[in-house]
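*Asks:* full-length UniProt numbering puts the first residue of the sequence shown at 1, with every later residue one more than the last.
In this text, a Cβ means the ideal position worked out from N, Cα and C, and glycines have one as well.
Please find one structure pasted underneath; my questions will follow.
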Amino acid sequence: MKLLLSGYYGFGNTGDEAILQAIKLGFKDFQVSTSLSDLFSCDAFISGGGSLFQDKTSYRSFWYYLGLLALAQFLRKKTVVFAQGIGPIRSKVNLFFLKMVFSRCNLITLRDKDSYDLVKSFNLKKPRVELTADLAFILPIREKKQKTGKTIGISIRTCDGSDKLFPKIAETADLLADKYHAEIAFLPFQPSVDESPCLEIMKKMKHPARIIAPEKINQLSFLIGMRLHALIFAVANQVPSYGISYDPKVESFMKDTGLPYSDVFDFKAEDLFQKFDQKIDLGYIRNQMKSRSEKNFTLVKTLLKEESWKS
């Protein structure tokens, strides 16, 4: 059976590539394609995961992904909105057409409670709507190497308010290095975009810092994260974390997990220090999120076996 996948892949973003890797792992018994030329021959059209349906970045990307989903429905393909976070959607016109296209889907799975509540408020009659989790949680975890000393990781990106945030990050990193005798390491999850601000902050610091690959997140003692998948990888590897929300998807994830966070515009070093030594059962949180993530694949596979899905 052939599944056609629609998503934001191939642009060097560690989080999105992890989603693609997870999909290929979860659907290893299926033929998975990312080529639009397979739209006519596929058995089902899978939109996601990620945050494809939002108009904060641009209207163009919103309509591109919604248009592909609508085209698949026009061609009478089975359509699934898969492990997605929805929004923000600011335009009433965009929201109207989103509801219309979603109402024709066969299955919708949402990776966070806020997105789930939003879609449930649409009162859609046809598709089954389920709360799940991000697909990256099903990926195998690398063995954690024992090391002496603390390494505090920082994952940042530019956004509205980052001009005021970055000096605070530099100051906070120095305070952490002083108090905990810790090494500071920056993790660029999209190097072409993230490396420059990482270097900018490092120049503002009095302590030395280095850049490491996102794959080494399991070596950290603590993570300060803006990138969603930096925070997801931290939970998956049971690394304590503090989120800085620049987008609703980050806030939604932190609320889902019960982990501490602040808004970009409200970040204060003292708030982070109050949470730094907080004891949290990360193993429990990880297992819960992994179970929710696996549910994405179980739901699709169940539907593919049902008589109503047969051509």
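1) How long is the line joining the alpha carbons of R210 and N296, rounded to whole angstroms?
2) With a 10 Å radius around its C-beta and 16 neighbouring C-beta atoms as the bar for buried, classify E143 as buried or exposed.
3) Going by DSSP in three states, S6 sits in which element: helix, strand or coil?
4) Answer with buried or exposed for H181, where buried requires no fewer than 16 other C-beta atoms within 10 angstroms of its C-beta.
5) Quick one: is M254 buried, meaning 16 or more other Cβ sit within 10 Å of its Cβ, or exposed?
6) What residues in its chain sit with their C-beta under 8 Å from that of K120, if we drop five residues either side in the sequence?
7) Taking Cβ positions, are G15 and L228 nearer each other than 8 Å?
8) Among A173, F40, F233, S245, which has the Cα closest to the Cα of T151?
9) Quick one: measure Cβ to Cβ for I156 and I201, integer angstroms, because I've assumed they're closer than 8 Å.
10) Any contact between the segment 62-81 and the segment 15-29? By contact I mean 3 or more CB pairs, one from each, below 8 Å.
11) Thinking C-alpha only, which one of K2, E17, S47 is nearest Y64?
12) Apply the 10 Å Cβ neighbour rule to Q54 and answer buried if 16 or more other Cβ atoms are within range, or exposed otherwise.
13) Going by DSSP, which residues form a beta bridge with T302?
14) What would DSSP say about S155, mapped onto helix, strand or coil?
15) Would you decide whether G85 is buried or exposed? Buried here means 16 or more other CB atoms lie within 10 Å of its CB.
16) For a minimum of 4 consecutive residues, which ranges assigned as the alpha helix (DSSP H) are wholly contained in the segment 109-151?
17) Do you know how far the Cα of Q219 is from the Cα of P188?
18) L223 bridges to which residues according to DSSP?
19) Within the same chain, show all residues whose beta-carbon is closer than 7 Å to that of K77, passing over the 5 residues directly before and after it, in chain order.
20) Count the other C-beta atoms from every protein chain shown that fall within 10 angstroms of the C-beta of S245, then say buried if there are 16 or more, exposed otherwise.
21) Within the present structure, is the beta-carbon of I156 separated from the nearest heavy atom of the ligand GDP by less than 7 Å?
22) Mark V93 as exposed unless 16 or more other C-beta atoms lie within 10 angstroms of its C-beta, in which case mark it buried.
23) Please report the straight-line C-alpha distance between L95 and L69, rounded to a whole angstrom.
24) Roughly how many angstroms separate the alpha carbons of R104 and P127, rounded to a whole number?
25) To the nearest angstrom, report how far apart P260 and I224 are at their CA atoms.
*Replies:* On the basis of the data shown:
1) 37 Å
2) exposed
3) strand
4) exposed
5) buried
6) V129
7) yes
8) A173
9) 7 Å
10) no
11) S47
12) buried
13) According to DSSP, T302 bridges with nothing at all.
14) strand
15) buried
16) 113-120
17) 15 Å
18) G153, S241
19) C42, A44, F45
20) buried
21) With respect to small molecules bound, the structure shown includes none, and the ligand GDP cannot be examined in it.
22) exposed
23) 15 Å
24) 7 Å
25) 10 Å
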